[in-house]
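Student:
There are 2 protein chains.
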Amino acid sequence: MKTIEQLLDSKNIRVTAMRLLIYKFLAEKQVAVTLSDIENAFDKADRTTLYRTVKTFEESTIVHQIDDGTGITKYALCEKGCNCDIETDLHLHFHCNNCNETVCLTEHKIPQIKVPNGFISEDINLVVKGVCDKCSGL
Amino acid sequence: MKTIEQLLDSKNIRVTAMRLLIYKFLAEKQVAVTLSDIENAFDKADRTTLYRTVKTFEESTIVHQIDDGTGITKYALCEKGCNCDIETDLHLHFHCNNCNETVCLTEHKIPQIKVPNGFISEDINLVVKGVCDKCSGL
DNA sequence: TTATAAATGCACTTCCGTTGCATTGTATTT
DNA sequence: AAATACAATGCAACGGAAGTGCATTTATAA
Ligand SMILES: [Mn+2]
Ligand SMILES: [Mn+2]
Ligand SMILES: [Zn+2]
Ligand SMILES: [Zn+2]
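Sequence lines, in order, name chains A and H.
According to our numbering, the stretch in the first sequence is residues 149 to 286, in order.
According to our numbering, the stretch in the second sequence is residues 149 to 286, in order.
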C-alpha cells in the first residue's frame, strides 16, 4: 500500500498540498470528473492550477483523459500498473444518458478491432452510451 | 440513382441552393469534414447558415456526426439506407494522427460489446487512431 | 398576388481549454 | 543560514467552437 506521496515521488512530481487534495478527490470519486467538477470541489483554488495539476497527472499517467462524446473532457485515475499508452491495456468507458455520469469499465478490455489494409491502429477510443446500473434499476 | 432534390424531398426538407451546394460538397469529400472546412469552402455563406444546414441534415439522418477525439465535431454523409440510430448499423471511424483526417469505415461494423450487469447499451462510439492508408504507404 | 412559414444573415453570447506573466513556494548549493 | 535556481500557483486575458435571438429575405401555398 503506497502512499500518495510515494506515488508522486515515483513519478518525479513534487508533492504539494494542492496535488494531494486533488488526487484524493479523484480517488474517492467512482466516476470520471470534469474540470468544473474539480473547480466546484475546490472553490479557493484557481482554475488554472487545477487545470495544470490534472495535466501533470495525465502526462505522468496518474490519470487518463476520457472523451465520452459530451464534448467535455473528463478525467479518472489510472489503475495501479496501468499503461494507458499500450493498446492492449485499453478499457472501455460507459456514459449514462440518464445521469450523465461516465465510468471506467476497467475489467472490460477493448476487443481486437480489424482495420482495412494500409491502416495502422495505434490507439482506440470506445465509449458505450446507454443507461448505467444505478439508473437502470436492474 | 436518386437526385439530391429527390433525397431532400423524401426527408421533407426544402430544396435550397445552399443545401444542394453543401450536400454536393460533402458528397465529393472522401473524409469527414468540420464546420470550418465547410466555412472555408463557402466564403460567401454565413457560418450560422452552414451550421444550421448541417444540423438539419443530421436530424434527418442525411449526415452523421463524428466525434473523433480531436474535440472538433466532424460530419459525413450517411450511406444510402443507413440507419445511424440502430446500434447494429454502427460502423467504426478512423482518425489519422498524421494527416489529421477522419474517415468512415462503413464496411467495418462495431463488434458486439459486452457490458456489466445492470448496464444497458444504446449506442457505441468507436474511433481507431493511427496512420491511414494514404499516410502509411503500405 | 397575398399570406404563411421556413431559410438565411448578422450580432452577440457562452463555455471550455489554453497561455503569458508576475508572484509565491520549494529544493538545492554554497 | 542565506543565496540561488526552478517549479507551482494565481490572475488576467485570449481563442476557438458551439449555440441563440431577432430582423430580413426567400420559398411555398392559399
Ligand atoms: Mn478509464
Ligand atoms: Mn461514419
Ligand atoms: Zn446513470
Ligand atoms: Zn493520414
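For glycine and all other residues, C-beta sits at the position ideal for the given N, C-alpha and C.
(1) Would you kindly report the start and end of the unbroken alpha helix (DSSP H) that includes S158/A?
(2) With 8 Å set as the bound, which would you pick, yes or no: does the beta-carbon of K257/H sit closer than that to a beta-carbon of chain A?
(3) Taking only the alpha-carbon atoms, compute the straight-line gap between I210/H and C226/H and give it to the nearest angstrom.
(4) Give me the chain A residues within the contact set of E270/H, using Cβ-Cβ distance strictly less than 9 Å, ordered along the chain.
(5) Where does T197/A fall in DSSP's three states?
(6) If you count every other CB in all the chains shown that lies within 10 Å of the CB of R195/A, and 16 or more means buried, which is it?
(7) Which residues, taken in chain order from the stretch 200-233 of chain H, show a beta carbon closer than 7 Å to some beta carbon of chain A?
(8) So what does DSSP say about S208/A, is it helix, strand or coil?
(9) Could you tell me whether the stretch 213-230 of chain H touches the stretch 176-193 of chain H, where touching means 3 or more Cβ pairs closer than 8 Å?
(10) Taking CB distances under 8 Å as the criterion, tell me whether L117/H reaches chain A.
(11) Going by DSSP, what residue range makes up the alpha helix (DSSP H) through L168/A?
(12) Should G278/A be labelled buried (16 or more other beta-carbon atoms within 10 Å of its own) or exposed?
(13) Mind pulling the chain H residues with CB within less than 8 Å of S284/A?
(14) Looking only at its own chain, which residues have a Cβ that is under 7 Å from the Cβ of A189/A, when we skip the five neighbours before and after it?
Tutor: The short version:
(1) Position 10 of the first sequence, counted from the start, is the residue given in the question as residue 158/A. Per DSSP, S158/A belongs to the alpha helix (DSSP H) from 152-158.
(2) For the purposes of this step, residue 257/H is taken as residue 109 along the second sequence, with counting starting at 1. No, K257/H does not count as interfacial toward chain A.
(3) Taking the first residue of the second sequence as position 1, residue 210/H is located at position 62. Taking the first residue of the second sequence as position 1, residue 226/H is located at position 78. Rounded to the nearest angstrom, the two C-alpha atoms are 6 Å apart.
(4) As a first step, residue 270/H must be located in the second sequence, where it is residue number 122. Neighbours of E270/H on chain A, chain order: N245, V276, K277, G278, V279.
(5) Counting from one through the first sequence, the residue named residue 197/A turns up at place 49. T197/A falls in the helix class under three-state DSSP.
(6) Within the first sequence, residue 195/A is the residue found at index 47, counting from 1. Exposed.
(7) For the stretch 200-233 of chain H, the residues whose beta carbon sits under 7 Å from a beta carbon of chain A are, in order, D215, G217.
(8) Counting from one through the first sequence, the residue named residue 208/A turns up at place 60. When DSSP states are grouped into helix, strand and coil, S208/A belongs to the coil group.
(9) Enough Cβ pairs lie closer than 8 Å, so yes.
(10) Nothing in the structure corresponds to residue 117/H, since chain H is present only between 149 and 286.
(11) Working through the first sequence from its first residue, we reach residue 168/A at position 20. Counting along the chain, the alpha helix (DSSP H) containing L168/A begins and ends at 165-176.
(12) Stepping through the first sequence from its first residue, residue 278/A is reached at position 130. Note on G278/A: 16 or more other CB atoms within 10 angstroms of its CB, so buried under the neighbour-count rule.
(13) Along the first sequence, read from residue 1 onward, the residue named residue 284/A stands at position 136. Within chain H, the residues placing a beta-carbon under 8 Å from that of S284/A are G266, F267, I268, ordered along the chain.
(14) In the first sequence, residue 189/A corresponds to position 41, counting from 1. The beta carbon of A189/A is closer than 7 Å to those of F173 in its chain, skipping five residues each way along the sequence.
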